[in-house]
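Heads up, the thing below is written out as structure tokens.
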Amino acid sequence: MKMDFDIIIIGAGLVGLTTALACAHKGASICLLDAADPAKADDGRASAVAASSYAMFEHLGIAARLEGHVQPITDMLIADGAVGDVSPLTLHFDSADLGGPTGYMVENNQLKPALLTAVRDNENTTLQAPVHISNTDRDAKGVTVTLKDKTVLTASLLVAADGRNSSLRREAGIDVQRFGYDQKAVVTTFKHELPHDGVAHQIFFAGGPLALLPLTGQRCSIVWSDKARAIEAAMALDEMAFTAELSRRIGGSLGEISLCAPRQAFPLSLQMADCYTDQRLVLVGDAAHAIHPIAGQGLNMGLRDAAALADVVAESRFVGLDLGGAAIGDYEAWRNFDNKMLGMTTDMLNRLFSNNIAPLRHARRLGLAAVNRFKPAQTFFMKEAAGEAGHLPSLLRR
Ligand SMILES: Cc1cc2nc3c(=O)[nH]c(=O)nc-3n(C[C@H](O)[C@H](O)[C@H](O)COP(=O)(O)OP(=O)(O)OC[C@H]3O[C@@H](n4cnc5c(N)ncnc54)[C@H](O)[C@@H]3O)c2cc1C
Numbered sequence: 000m001k002m003d004f005d006i007i008i009i010g011a012g013l014v015g016l017t018t019a020l021a022c023a024h025k026g027a028s029i030c031l032l033d034a035a036d037p038a039k040a041d042d043g044r045a046s047a048v049a050a051s052s053y054a055m056f057e058h059l060g061i062a063a064r065l066e067g068h069v070q071p072i073t074d075m076l077i078a079d080g081a082v083g084d085v086s087p088l089t090l091h092f093d094s095a096d097l098g099g100p101t102g103y104m105v106e107n108n109q110l111k112p113a114l115l116t117a118v119r120d121n122e123n124t125t126l127q128a129p130v131h132i133s134n135t136d137r138d139a140k141g142v143t144v145t146l147k148d149k150t151v152l153t154a155s156l157l158v159a160a161d162g163r164n165s166s167l168r169r170e171a172g173i174d175v176q177r178f179g180y181d182q183k184a185v186v187t188t189f190k191h192e193l194p195h196d197g198v199a200h201q202i203f204f205a206g207g208p209l210a211l212l213p214l215t216g217q218r219c220s221i222v223w224s225d226k227a228r229a230i231e232a233a234m235a236l237d238e239m240a241f242t243a244e245l246s247r248r249i250g251g252s253l254g255e256i257s258l259c260a261p262r263q264a265f266p267l268s269l270q271m272a273d274c275y276t277d278q279r280l281v282l283v284g285d286a287a288h289a290i291h292p293i294a295g296q297g298l299n300m301g302l303r304d305a306a307a308l309a310d311v312v313a314e315s316r317f318v319g320l321d322l323g324g325a326a327i328g329d330y331e332a333w334r335n336f337d338n339k340m341l342g343m344t345t346d347m348l349n350r351l352f353s354n355n356i357a358p359l360r361h362a363r364r365l366g367l368a369a370v371n372r373f374k375p376a377q378t379f380f381m382k383e384a385a386g387e388a389g390h391l392p393s394l395l396r397r
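Mapping the sequence shown onto numbering that gives the first Met the number 0, position 354 (from 1) lands on 353, and the numbers just tick up by one.
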């Protein structure tokens, strides 16, 4: 086995796998390590992949592997509601105004195997999982990773893609700012009688938003956020009672509904690493930032990290610079500010919408109606949702 690489990535989640493919696409040799077997992961969530992130999946040959499993999001409807009282003052985004879908829904249990096979087929990437990592060492000369079986791997750069509890981040002494919401989200999938027509709905209730996300085959995924105790109560309901409560909240637009996947609950928090780099180390994905799922942007931020890092790596290779040297400062400057802004925006949206304070409720209903009538504001929000605002890394350009 080859022991010396340009980059070692620890964590083969959705972001680690994509980072491996993006950097390999720019010619770097990659070793990807995970403590668990990624082929055995079972994640009932579906991801809203922004149009720009999906463009990267096209460039990397992932989109072709997802054929038949991807549902374009053609419209978005945002409403402020209470149970049985969804406000008629809704905000409607029609993706025809953007010249294509704002994003694509794909189940994580489809996306992960597609990324995994692409990594296995790529001659620039080596995947080792599950492995036990005994030690990582970084100094001015390079990175050394020692496995429990005494295998020694070396590289110029180490990438931490090991999720929100990243041990690499902790070992590097990088602090995080963490704010736990008193909210959880329940995720499941249901079949429905009437077609969804590619429309994603976000309905804001006092305890948190309920997102209905269209999937292939007349199915929708839900992310229902609410106060932690309300979600615990919803999880304790039997399937019939849960379905009845869900049906009551979403109204009758999809006709009869029935669950077709188990329910999974997730605690919600906002977590931002103070910085994204240390000597020969960069953080990507949830290791660097974890946000509220209110706008479906957490994974998209990680995919953008992957694409930005790939550009920085390509630039260094082109001019013959050390991949783990000063150039990683460009990655920090590019991604840290962007991610903090998006994290703060989702936090603000959650605070503004997840309450039942009457003046705020009226203001936000009027606000939604106003944006709905003002085309430039609509276009602005749609570009943000499609991930097409700001300075785009090359792999995210259509
Ligand atoms: C309810 C919910 C809904 C969401 N919906 C969306 C959405 O619609 N769109 C969107 O963009 N985002 C969404 N997100 C966010 C998104 O799911 C995450 O941001 C994304 O999955 C993070 O991926 P990751 O690869 O960074 O981390 P992880 O998926 O946590 O992967 C980390 C990997 O590192 C490995 N690992 C950990 N520690 C070690 C170690 N010490 N050694 C070796 N390996 C290790 C793990 O085994 C794992 O494979 C949602 C989040 C939630 C909670």
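Note that the Cβ used here is the ideal one computed from N, Cα and C, for glycine as well.
For this session: Would you list the one or two residues that DSSP bridges to residue 288?
Result: Position 289 of the sequence shown, counting from 1, holds the residue named residue 288. The beta-bridge partner set that DSSP reports for residue 288 consists of 271.
Problem set entry | For residue 30, the residue or residues it bridges with in DSSP | By one-based count along the sequence shown, residue 30 stands at place 31. DSSP output for residue 30 lists 7 and 125 as bridge partner(s).
Exercise. Under a Cβ-count criterion, where at least 16 other Cβ atoms within 10 Å of its own Cβ denotes burial, should residue 18 be classed as buried or exposed?
Worked result: To locate residue 18, count along the sequence shown from 1; it is residue 19. Burial call: buried.
For this session: Assign residue 298 to one of three DSSP states: helix, strand, or coil.
Result: Here residue 298 corresponds to residue number 299 of the sequence shown, with the count starting at 1. Reduced to three states, the DSSP call for residue 298 is helix.
Exercise. So what does DSSP say about residue 396, is it helix, strand or coil?
Worked result: Taking the sequence shown and counting its residues from 1, the one referred to as residue 396 is at position 397. Looking at residue 396 - three-state DSSP - the assignment turns out to be coil, as it is neither helix nor strand.
Problem set entry | Boundaries (first-last residue) of the beta strand (DSSP E) holding residue 230 | Counting from one through the sequence shown, the residue named residue 230 turns up at place 231. Annotation: residue 230 is outside any beta strand (DSSP E); the continuous alpha helix (DSSP H) that includes it extends over 227–235.
Problem set entry | Unbroken alpha helix (DSSP H) run spanning residue 58, endpoints | On the sequence shown, residue 58 is found 59 positions in, with the first residue counted as 1. Per DSSP, residue 58 belongs to the alpha helix (DSSP H) from 50–58.
Exercise. Which value, in whole angstroms, describes the spacing of the CA atoms of residue 120 and residue 25?
Worked result: Counted from its first residue, the sequence shown places residue 120 at position 121. Counted from its first residue, the sequence shown places residue 25 at position 26. Rounded to whole angstroms, residue 120 to residue 25 spans 16 angstroms at the Cα level.
Exercise. Does the beta carbon of residue 265 fall short of 8 angstroms from some heavy atom of ligand 1?
Worked result: Taking the sequence shown and counting its residues from 1, one reaches residue 265 at position 266. Indeed, a heavy atom of ligand 1 lies less than 8 angstroms from the Cβ.
Exercise. Taking Cβ positions, are residue 167 and residue 279 nearer each other than 9 angstroms?
Worked result: The residue given as residue 167 occupies position 168 in the sequence shown. The residue given as residue 279 occupies position 280 in the sequence shown. In this structure, residue 279 does not lie closer than 9 angstroms to residue 167 by Cβ.
For this session: Could you check if residue 219 is buried or exposed, using at least 16 other CB atoms within 10 Å of its CB as the buried criterion?
Result: Here residue 219 refers to the residue found at position 220 when the sequence shown is read from its first residue. So residue 219 ends up on the buried side.
Problem set entry | Contact check, residue 204 vs residue 242, beta carbons under 9 angstroms | In the sequence shown, residue 204 corresponds to position 205, counting from 1. In the sequence shown, residue 242 corresponds to position 243, counting from 1. For residue 204 and residue 242, no; Cβs fall outside 9 angstroms.
Exercise. Going by C-alpha distance, which of 2, 35, 11 and 45 is nearest residue 297?
Worked result: To locate residue 297, count along the sequence shown from 1; it is residue 298. For the residues 2, 35, 11 and 45, the minimum Cα distance to residue 297 belongs to 45.
Exercise. What's the C-alpha gap between residue 83 and residue 74?
Worked result: Taking the first residue of the sequence shown as 1, we reach residue 83 at position 84. Taking the first residue of the sequence shown as 1, we reach residue 74 at position 75. Unreliable positioning characterises residue 83 in this predicted model, as indicated by a pLDDT of 49, which lies under 50. A coordinate reading is not provided.
Exercise. Within the present structure, is the beta-carbon of residue 297 separated from the nearest heavy atom of ligand 1 by less than 8 angstroms?
Worked result: The sequence position of residue 297 within the sequence shown is 298, counting from 1. Yes - ligand 1 has a heavy atom lying nearer than 8 angstroms to the Cβ of residue 297.
Exercise. How many whole angstroms separate the CB atoms of residue 78 and residue 202, which I take to be in contact at a CB cut-off of 8 angstroms?
Worked result: Translated into positions along the sequence shown, residue 78 becomes position 79. Translated into positions along the sequence shown, residue 202 becomes position 203. Between residue 202 and residue 78 the Cβ distance is about 5 angstroms, and since that is below 8 angstroms, they are a contact.
For this session: Check residue 417 in the structure and name its three-state DSSP category.
Result: Given that the chain is displayed from residue 0 to residue 397, the structure contains no residue 417 and the question cannot be resolved.
For this session: Quick one: give me the first and last residue of the alpha helix (DSSP H) that residue 106 is part of.
Result: Numbered from its first residue, the sequence shown carries residue 106 at position 107. Looking at the DSSP string, residue 106 is not in any alpha helix (DSSP H); the run it does join, the beta strand (DSSP E), is 102–106.
Problem set entry | Straight-line gap, residue 14 to residue 161 (C-alpha atoms, nearest Å) | Start at 1 with the first residue of the sequence shown, and residue 14 comes out as number 15. Start at 1 with the first residue of the sequence shown, and residue 161 comes out as number 162. Going by the C-alpha atoms only, they are around 9 angstroms apart.
Exercise. For residue 109, which three-state DSSP category applies?
Worked result: Numbered from 1 along the sequence shown, position 110 holds the residue referred to as residue 109. Helix, per DSSP.
Problem set entry | CA-to-CA distance, residue 16 to residue 68, given in whole angstroms | Taking the sequence shown and counting its residues from 1, the one referred to as residue 68 is at position 69. Taking the sequence shown and counting its residues from 1, the one referred to as residue 16 is at position 17. Distance between the alpha carbons of residue 68 and residue 16: 19 angstroms.
Problem set entry | Heavy atom of ligand 1 within 8 angstroms of residue 137 beta-carbon | Residue mapping note: residue 137 aligns to position 138 of the sequence shown, counting from 1. The answer is no for residue 137.
Exercise. If you run the structure through DSSP and keep just helix, strand and coil, what is residue 19?
Worked result: Translated into the one-based positions of the sequence shown, residue 19 becomes position 20. Correct three-state label for residue 19: helix.
Problem set entry | Cβ pair residue 286, residue 305 closer than 9 angstroms | Within the sequence shown, numbered from 1, the residue matching residue 286 stands at position 287. Within the sequence shown, numbered from 1, the residue matching residue 305 stands at position 306. Cβ distance not < 9 angstroms, so residue 286 and residue 305 don't count as in contact.
Exercise. Which of helix, strand or coil does DSSP assign to residue 257?
Worked result: As a position in the sequence shown, residue 257 is number 258, starting the count at 1. In the three-state scheme derived from DSSP, where H, G and I count as helix and E and B as strand, residue 257 is classed as strand.
Exercise. Along the chain, where does the alpha helix (DSSP H) that runs through residue 136 open and close?
Worked result: Start at 1 with the first residue of the sequence shown, and residue 136 comes out as number 137. No alpha helix (DSSP H) contains residue 136, which is instead part of the beta strand (DSSP E) from 132–137.
Exercise. Going by alpha carbons, who is nearest to residue 32 out of 191, 10 and 21?
Worked result: Along the sequence shown, one-based indexing puts residue 32 at 33. Comparing Cα-Cα distances from residue 32 to each of 191, 10 and 21, the minimum goes to 10.
Problem set entry | Endpoints, beta strand (DSSP E) assigned at residue 177 | Your numbering for residue 177 matches position 178 in the sequence shown. DSSP places residue 177 inside the beta strand (DSSP E), whose first and last residues are 175–191.
Problem set entry | Closest by C-alpha distance to residue 117, when choosing among 143, 64 and 35 | Sequence index remark: in the sequence shown, residue 117 carries index 118 (1-based). Measuring from the Cα of residue 117, the nearest candidate turns out to be 64.
For this session: Check the C-beta distance from residue 48 over to residue 299 and give it rounded, since I have them as a contact under 8 angstroms.
Result: Counting from 1 along the sequence shown, the entry for residue 48 is found at position 49. Counting from 1 along the sequence shown, the entry for residue 299 is found at position 300. Right, the Cβ-Cβ distance comes to about 7 angstroms (below 8 angstroms), so this counts as a contact.
Exercise. Cβ atoms of residue 255 and residue 191: under 9 angstroms apart, would you say?
Worked result: The residue you call residue 191 lines up with position 192 of the sequence shown. The residue you call residue 255 lines up with position 256 of the sequence shown. Yes, the pair counts as a contact, with Cβ atoms nearer than the cut-off.
Problem set entry | Endpoints, the beta strand (DSSP E) within which residue 212 is located | As a position in the sequence shown, residue 212 is number 213, starting the count at 1. From DSSP, the beta strand (DSSP E) with residue 212 extends over 207–214.
Exercise. Is residue 391 near residue 59, with beta carbons less than 9 angstroms apart?
Worked result: Counting from 1 along the sequence shown, the entry for residue 391 is found at position 392. Counting from 1 along the sequence shown, the entry for residue 59 is found at position 60. No, the pair does not count as a contact, with Cβ atoms beyond the cut-off.
Exercise. Which one of 152, 113, 36 and 106 has the shortest CA to CA distance from residue 5?
Worked result: Along the sequence shown, one-based indexing puts residue 5 at 6. Sorting 152, 113, 36 and 106 by C-alpha distance to the C-alpha of residue 5 places 152 at the top.
Problem set entry | Beta-carbon gap between residue 266 and residue 179 smaller than 9 angstroms | Position 267 of the sequence shown, counted from the first residue, corresponds to residue 266. Position 180 of the sequence shown, counted from the first residue, corresponds to residue 179. Yes, Cβ-Cβ distance for residue 266 and residue 179 is below 9 angstroms.
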